[in-house]
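Below is one structure; the comments refer to it alone.
In this note's numbering, the protein residues as written are 7 to 154.
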């Protein structure tokens with residue numbers, strides 16, 4: 007049975023490639039997902055990607071990931087990172103590795119972005135490396151999966 011990593015893209019990520027290229031570069035969401043698929047294939051894991059601008063839909067997809075018994079979760083929740091206790095509580099149900107990802111360095115931006123409400127429940131946080139943040143996150147999640 008193949009291992010599955012769930013990639014959760016948050017609010018406004020459908021606008022990657024169109025918004026603020028200084029912070030987010032020019033890669034589209036489709037480019038990011040394709041890069042993850044390619045690396046996932048090399049690492050021997052399947053990637054399921056999901057993007058929403060609706061907080062409730064994100065929580066429901068996390069719940070479905072629990073039911074489906076995904077093997078790890080990558081999450082870039084965007085601005086929800088800083089205030090969504092609903093998403094945090096949904097993630098806390100999971101018993102698999104969770105890696106928090108950000109394209110920009112959230113610690114070098116506005117003060118409100120410095121805090122993550124997910125930090126206490128994720129295995130780690132990777133930020134500031136653009137699309138490579140996702141690829142580093144996938145490698146970290148797969149490494150954690152192999153330790154379980």
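Note that CB positions come from ideal geometry on N, CA and C, so glycine has one too.
- For residue 82, the enclosing beta strand (DSSP E) stretches over residues 78-82.
- Its Cα nearest to that of residue 128, the residue 99 stands out among 119, 99, 62.
- CA-CA distance, residue 151 to residue 25, rounds to 34 Å.
- Within 10 angstroms of the beta-carbon of residue 16 lie 16 or more other beta-carbons, which makes it buried.
- Counting only runs of 4 or more residues that sit fully inside the segment 32-68, the alpha helix (DSSP H) segments are 35-49, in chain order.
- Distance from the CA of residue 70 to the CA of residue 60, rounded to the nearest whole angstrom, comes to 15 Å.
- As the crow flies, the alpha-carbon of residue 18 is around 7 Å from that of residue 84.
- In the three-state reduction of the DSSP assignment, residue 131 falls in the strand class.
- For residue 112, there is no enclosing alpha helix (DSSP H), as DSSP marks it with neither H nor E.
- Annotation: residue 105 to residue 81 spans about 6 Å, alpha carbon to alpha carbon.
- Inclusion of residue 141 and residue 41 in the CB contact set at 8 Å is warranted, their separation being smaller than that value.
- Under the 10 Å beta carbon count, residue 11 is surrounded by 16 or more other beta carbons and is classified as buried.
- Secondary structure of residue 142 (DSSP, three-state): helix.
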